[in-house]
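Chemist: My questions all concern the structure below.
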Amino acid sequence: MSDYKDTLLLPQTAFPMKANLKQREPEMLKFWETIGAYERMVAAGDPDDTYVLHDGPPYANGHIHMGTALNKVLKDIVVKSRNMQGQTAHYVPGWDCHGLPIEHKVEQELKKKNKELDTLTIRKICRSYAAKWLDVQRGEFKRLGVLGTWDAPYMTMDPQYEAATARELGRFMERDGVVRGKKPIYWCCDCRTALAEAEVEYEDHKSPSIYVRFPMADPKARELADLDVNRLFILIWTTTPWTIPDNMAVAVHPEFDYVVVEAGGDFYVLAEGLLEDCAAKFGWTDHNVLATVKGAQLEGLKAKHPIYDRQSPVVLADYVTLETGTGCVHTAPGHGREDFETGLKYGLEVYSPMNDRGEFLPEVEHFAGLNVWGANPKVIEKLEELGNLMTSRQIAHSYPHCWRCKQPVIFRATTQWFIGMDENDLRTRALDAIRNKVQWIPAWGEERIHSMIASRPDWCISRQRNWGVPISALICEECDETWFDAKWVYAICEKYATHETGCDYWFEAPIEDLVPAGLTCSKCGGSHWKRETDILDVWFDSGTSYAAVVERRAETRFPADLYLEGSDQHRGWFHSSLLASVGTRDLPPYRAVLTHGYVVDADGRKMSKSIGNVIAPQEIIDKFGAEILRMWVSASNYQEDIRISDETLNRLVDAYRRIRNTCRYLLSNLNDFDPANRVAVADLLPLDRYALDMVARRHAAIGQAYVKYEFHKVYHTLHNLCVVDLSSFYLDIIKDRLYVEEQGGLKRRSAQTVLWQTLLMLLEDMAPVLSFTAEEAFQTLPEAIKADLDQTDTVFALRFAPDEVNLPADERARWDMLATVRGEVNKAIEPKRKDRVIGKSLDAHVTLHATEAVRELVAAEDLDAREFFIVSKITLADVADLAADTPIGVFVAEDVKDLKIAVEPAPGVKCERCWRISEDLGTDPAHPAACPRCTAVLKTLV
RNA sequence: GGGCCUAUAGCUCAGUUGGUUAGAGCGCACGCCUGAUAAGCGUGAGGUCGAUAGUUCAAAUCUAUCUAGGCCCA
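Read in the working numbering, the first sequence has 276 at position 283, and its numbers run on one by one without any break.
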């Protein structure tokens, strides 16, 4: 009996069922490296049809996390799919190397060793620190199976890059887009240095809490109520009395209700909601409300400074709250972020008359020479003396401190460099670009970035730090006036580009090498210059990558087709790149911007160390393999936040096995196939033609999904193809033919022709996502199939053109109907299986009581119905002949009208070769246990 | 507090311009097979669409509010 098994053509392949990804992936990476898979992939495309995905540079600090892994895999899918669809798409990865986090880290290390170092040494250490992490991340990205020019990435600390960044600043200078202005920043009086947001630590601190009244002898105030304006005051509250000398305004909320109250013979303006709270604090007992007005009505009233003889107008601001205080906010534009913004709006002076130590300058009456902490009690004293102090006490609250010296810090206005949003209509042009020149994916990105650009203040591009690209400008030693010139900047940029450590040149060069001969200060006529020591905001670094990379590298061109980053980059890289490019090129740097969401845990919460729900890419690679991580990326809808959990991953592992096995089965049934023996579409068995059409349709859908960046559709379509169309339908049906029929016969070759094309389409569709597996299968292709291909180096250079089927719609409808009937037959068999009458479907004799239409379909000459339904006998009968009451045991179809199905054991004996039950076994004495079909095949074998 | 976004079966996703009993695959349950075998096949049970209130003859699909969550600001 087992003799017959040897006469069958059973599947055979070296492609293992078990993936063993953990071990095989690193081998595959080595293989790709050896053969130059990336180069071959890119070389296989049309050199005139380029596609540029420009990589946003991750920060070269720390290991990669799920977010960066997601981002890089998405980019890899884009790049691979574009190449495999015939375009030429290079991938030049980059890194963001400058900036505070690295400098901070390095400084912390140095502090431990009690070292204070000069700029150049700090820069040197930062440089090697960034290089170290760049290398680590490069290894981690490569491990994910991402292909690109890993040996020649771009980095913002590269001399050429630094020169390009500095040059872009020169371009802004050339267009008069750069302005100098005051801005309040965190300042440590102890370290005498500016601090970044990240360098400030909040700790408890005791501060005075004072309520102050500002006289408001504005005649216009009579409109509020019938009162004596000489006795009218507006009340404020503050915990920084030392900023009172620099007060320039009082802010109220336009929509809050404010009251005018009479108390102790005076009149006060304050928020209605805080009246009782204040009355209690001031000891008011018999106050009464004279009027209630909206904050907006107070705008423009002229209050007077409580100490000095100058005005302090009432202004409007949205950030005013009713939590504490009076609802009227003391506003000193030189000492607060919001105060500063309000100051800009109302044209208030940014007044901050103090030195690096936080000491008031001589011009400040009453407080000259005092530092801010010393000034606090003196200011209170003075207010009391003038009768404008309502009450004073001490409170403990959270207050910013310097991370280095742990001393409390202050907000202090300093001179900074800005890209003006309204210089050269930058804002207008950027907004126009957002609306008209860029495709935002998803579409809401447009609204998001538009509103950000519409409302943002000037871009402060200067930082008082060491690790970055210097702002190339000179400062007059005598009068502090700055000097710069675009041509001069360009010349210096040439030095950066050729200097071994780039713009270290700026800090190393003797000053006389930098200063143009005979340069004199336009303000004071002086001729002694020092270099500007501020560096550029790192967002300016990365924001100029279009100039440093996209325009300059041979692999890319300006503008890029796509920028692809997380949704936080609407404020970050998309934003800075747009402003820089529009400001210097009048064009956005990208044609389309795609954003993805954040990786969150199973419950949709963000990953954080404190919650302990962080999953590292490495964990997934170790447990499942990078392939599963890639699959997770494609299975998820990245436009929303993406959840990841063990359940999700386990489901994906199941799906992976299914896809892998489908590949394996296709490979194993093609081991004896030679494309030279392919069957032309016209000669294919109708079922096979239908199957090929079906696969081609799925293939086209997947191609479309790739183009539209809808990768989760790729995954779902791919999975459905393998599971529904192939595994449980087509492959199951044609098993009989593949195993049993004559090896070189049409029936078998017809099926194999379809399997062969299916496999190659499948591999193409898989490769951008399931790169490791697609390559593994590609390398395992039977020799004859390989011989037929243009190349066999790598799956990424596979460009297979399947036969065109274009099945007529009615033919497709016919098969769809048959498939539905097949489903009904399966349902009909099921109860018999429960009754143990039927085991496998081949045991069955099925009688279809059907309409003429269905009977014609099933009886069609070009359909092997027994094969199609995988049963041993089929009988057709007119449903009308069946008794009106359906006999017991006959199944009534659910999805096909007038179809009733009877199932019984097939008569006859099982053919030992094909396992079909036959009523005429042994027609040939030589093969007593074989059916006529098998007998015929057996005869050809001798 | 503001801007933008999300919320459909255990999981991952579909649900066209509002219109018959809300779909798919996986997982699960039960069964079959042992010639894809640490595979393969079949059948079945699971959602009333985050909540509430509206608009409408009719809403998962439109509006408002709320809840939970995310990004970016403050």
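All C-beta atoms in this analysis are idealised placements derived from N, C-alpha and C, irrespective of residue type, glycine included. All values derive from a computational prediction rather than experimental measurement.
Under 8 Å by Cβ, that's how I've got R215 and V205 pegged, so tell me the actual separation to the nearest angstrom.
Modeler: Contact doesn't hold; Cβ gap of about 23 Å is too wide.
Chemist: On the CB-based measure, 16 or more other CB atoms within 10 Å of its CB, does Y649 come out buried or exposed?
Modeler: Buried, because 16 or more other Cβ atoms sit within 10 Å of the Cβ of Y649.
Chemist: What is the residue span of the beta strand (DSSP E) that G559 lies within?
Modeler: Looking at the DSSP string, the run of the beta strand (DSSP E) that includes G559 is A553 to G559.
Chemist: To the nearest angstrom, report how far apart L507 and L113 are at their CA atoms.
Modeler: Spanning the two alpha carbons is a distance of roughly 17 Å.
Chemist: Given this structure, state the Cα-to-Cα distance separating N64 from M148, to the nearest angstrom.
Modeler: About 18 Å.
Chemist: Going by alpha carbons, who is nearest to L315 out of A368, V733, L752 and F249?
Modeler: Considering only alpha carbons, the answer is F249.
Chemist: DSSP puts S629 in a beta bridge; with which residues?
Modeler: S629 pairs with nothing; no bridge assigned.
Chemist: Let me confirm a value: H246 is counted as buried when at least 16 other C-beta atoms fall within 10 Å, else exposed. Which label applies?
Modeler: Counting Cβ neighbours within 10 Å, H246 comes out buried, since at least 16 surround it.
Chemist: Identify whether S570 lies in helix, strand or coil by the three-state DSSP scheme.
Modeler: Residue state, collapsed to three classes: helix.
Chemist: Determine the contact status of P234 and N369, defining contact as a CB-CB distance below 8 Å.
Modeler: Against a cut-off of 8 Å, the Cβ pair of N369 and P234 comes out as a contact.
Chemist: Check the DSSP bridge columns for L188 and list the partner residues they point to.
Modeler: Y179.
Chemist: Count the other CB atoms within 10 Å of the CB of V717; is the residue buried (16 or more) or exposed (fewer)?
Modeler: V717 is exposed by the Cβ-count criterion.
Chemist: Excluding the five sequence neighbours on either side, which residues of its own chain have a C-beta within less than 8 Å of the C-beta of P152, listed in chain order?
Modeler: The answer, listed in chain order, is Y489, A490, T491, H492, E493, T494, G495 and C496.
Chemist: In angstroms with no decimal places, state the Cα-to-Cα distance between A595 and S638.
Modeler: Distance between the alpha carbons of A595 and S638 is about 5 Å.
Chemist: Please say whether N670 and L748 have beta carbons closer to each other than 8 Å?
Modeler: Cβ distance not < 8 Å, so L748 and N670 don't count as in contact.
Chemist: Classify C321 as helix, strand or coil using the three-state DSSP reduction.
Modeler: The answer is strand: DSSP assigns C321 an E or B state.
Chemist: Pull up the distance between the alpha-carbon of G696 and that of T751, whole angstroms please.
Modeler: Each residue's alpha carbon lies about 14 Å from the other.
Chemist: Can you check which of these residues, D803, Q784, L363 and L914, is closest to I28 by C-alpha distance?
Modeler: Out of D803, Q784, L363 and L914, Q784 has the C-alpha closest to the C-alpha of I28.
Chemist: Tell me whether G340 is buried or exposed, calling it buried when 16 or more other Cβ atoms sit within 10 Å of its Cβ.
Modeler: Classification of G340: exposed, given that the 10 Å Cβ count is below 16.
Chemist: Are the Cβ atoms of L268 and V253 separated by less than 8 Å?
Modeler: Taking 8 Å as the Cβ cut-off, L268 and V253 do not qualify as a contacting pair.
Chemist: For the beta strand (DSSP E) that H198 lies in, which residues bound it at each end?
Modeler: Taken as a continuous stretch (DSSP letters only), the beta strand (DSSP E) holding H198 covers V193 to P208.
Chemist: Helix or strand or just coil, what does DSSP make of V935?
Modeler: If DSSP states are grouped into helix, strand and coil, V935 belongs with coil.
Chemist: Determine the contact status of L892 and A843, defining contact as a CB-CB distance below 8 Å.
Modeler: A contact, by the Cβ cut-off of 8 Å.
Chemist: Say yes only if the C-beta of L731 is nearer than 7 Å to one or more non-hydrogen atoms of the ligand GDP, and no if none qualify.
Modeler: No copy of the ligand GDP appears in this structure; indeed no ligand is present at all.
Chemist: Take W476 and list the residues in its own chain whose beta-carbon comes closer than 8 Å to its own, dropping the five residues that flank it on each side.
Modeler: Excluding positions up to five away in sequence, the list reads A466, L467, I468, C469, L512, C514, S515 and W522.
Chemist: Cα-Cα, which of T879, A886 and H838 is closest to L869?
Modeler: Ranking the options by Cα distance to L869, first place goes to H838.
Chemist: Could you tell me the distance, in whole angstroms, from the CA atom of R330 to the CA atom of P177?
Modeler: Cα to Cα, R330 sits roughly 6 Å from P177.
Chemist: Please state whether DSSP places W522 in a helix, a strand or coil.
Modeler: It is a strand residue.
Chemist: Does the structure place the region 104 to 124 close enough to the region 177 to 188 that three or more beta carbon pairs sit under 8 Å?
Modeler: In short, these stretches do not touch, since the Cβ pair count stays below three.
Chemist: Could you have a look at F260 and say whether DSSP puts it in helix, strand or coil?
Modeler: If DSSP states are grouped into helix, strand and coil, F260 belongs with the strands.
Chemist: Output the distance between the C-alpha atoms of P238 and Y702, rounded to the nearest integer angstrom.
Modeler: Rounded to whole angstroms, P238 to Y702 spans 58 Å at the Cα level.
Chemist: Whole angstroms is fine: what's the gap from S(-5)'s alpha carbon to C907's?
Modeler: Caution applies to S(-5), whose pLDDT of 49 falls short of 50 and renders its modelled position unreliable; the value that the coordinates give is listed next. S(-5) and C907: Cα-Cα distance of roughly 12 Å.
Chemist: Under DSSP, the beta strand (DSSP E) around K297 begins and ends at which residues?
Modeler: That run of the beta strand (DSSP E) goes K295 to K297.
Chemist: If you pair each beta-carbon of the region 449 to 464 with each one of the region 529 to 540, do three or more pairs fall below 8 Å?
Modeler: With the cut-off at 8 Å, the region 449 to 464 and the region 529 to 540 touch.
Chemist: Among M754, E292 and N630, which has the Cα closest to the Cα of D686?
Modeler: Nearest C-alpha to D686: M754.
Chemist: Residues in the same chain with beta-carbon distance under 8 Å from H198, minus the five sequence neighbours each way, listed in chain order, please.
Modeler: Hits under 8 Å: A389, H390, S391, Y392, H394 and P401.
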